[in-house]
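Enquirer: Before we start, here is the structure in question, set down as structure tokens.
So this is what it looks like as structure tokens:
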């Protein structure tokens, strides 16, 4: 029975990993796979560069705690482009692990065809991430040009405790 890890990540605080986790858990169970661990990444971790759960997943894969990683979609693993995506797939493969995406069934295809598809998917994820960022920046620039005030009102204080670089700060 394959030992499986599930990796879930959402892009915004308005989304939840629950939908991903439910589908992936049911998928693993329907195949008779044992779920070793679930790795859930915080919503802002990717842009901030703090992918602790992904790093922990890689370490556990290196120690051969599981042989399959299930993700909702490849862009949940990386939006850094084809090279980073292929590097991640190769790294997991070197640890005796395969990466399977719920949304991209071709990830189970062996050989060179699968590698080409990983590269294309990585490139598409990177392009979409860049487009989304450009649209956001353009929208903010338009609002600013219209004289709209962006951000928190002057003089207000952020009272929410936020985690940054392994320590908590209060504003």
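In the numbering used here, the protein residues as written are 27 to 197. Glycine residues also receive a C-beta, built at the ideal position from the N, C-alpha and C atoms.
1. For the alpha helix (DSSP H) containing residue 29, name the first residue and the last one.
2. Exposed or buried, what is residue 52 when buried is set at 16 or more other beta-carbons lying within 10 Å of its beta-carbon?
3. Taking the runs of the alpha helix (DSSP H) that are 4 residues or longer, which of them lie wholly in the segment 74-101?
4. Below 8 Å, how does it come out for the segment 84-102 and the segment 53-62: are there three or more Cβ pairs, yes or no?
5. With a threshold of 16 other CB atoms inside 10 Å of the CB of residue 153, please say whether the residue is buried or exposed.
6. Rounded C-beta distance between residue 128 and residue 99? I'm assuming under 8 Å.
7. Since residue 127 is in the alpha helix (DSSP H), which residue starts that stretch and which ends it?
8. How many Å lie between residue 181 and residue 170 at the Cα?
9. Residue 125 and residue 115: beta carbons closer than 8 Å?
10. So residue 172 is in the beta strand (DSSP E); what residue range does that whole segment cover?
11. Taking the C-alpha atoms as reference points, what is the distance between residue 43 and residue 84?
12. Residues bridged to residue 66 by DSSP?
13. Buried or exposed for residue 50, going by 16 or more other Cβ atoms inside 10 Å?
14. Which of the three DSSP states, helix, strand or coil, is assigned to residue 134?
15. Count the other CB atoms, across all protein chains shown, that sit within 10 Å of the CB of residue 199; report buried if there are 16 or more and exposed otherwise.
Expert: Short version:
1. Segment 29-35 is the beta strand (DSSP E) holding residue 29; no alpha helix (DSSP H) there.
2. exposed
3. 78-88
4. yes
5. exposed
6. 7 Å
7. Here residue 127 belongs to no alpha helix (DSSP H); instead the beta strand (DSSP E) covers 124-127.
8. 19 Å
9. yes
10. Premise fails: residue 172 is in no beta strand (DSSP E) and is neither H nor E.
11. 20 Å
12. 34
13. buried
14. helix
15. Here the chain comprises residues numbered 27 to 197, so residue 199 is not present and cannot be evaluated.
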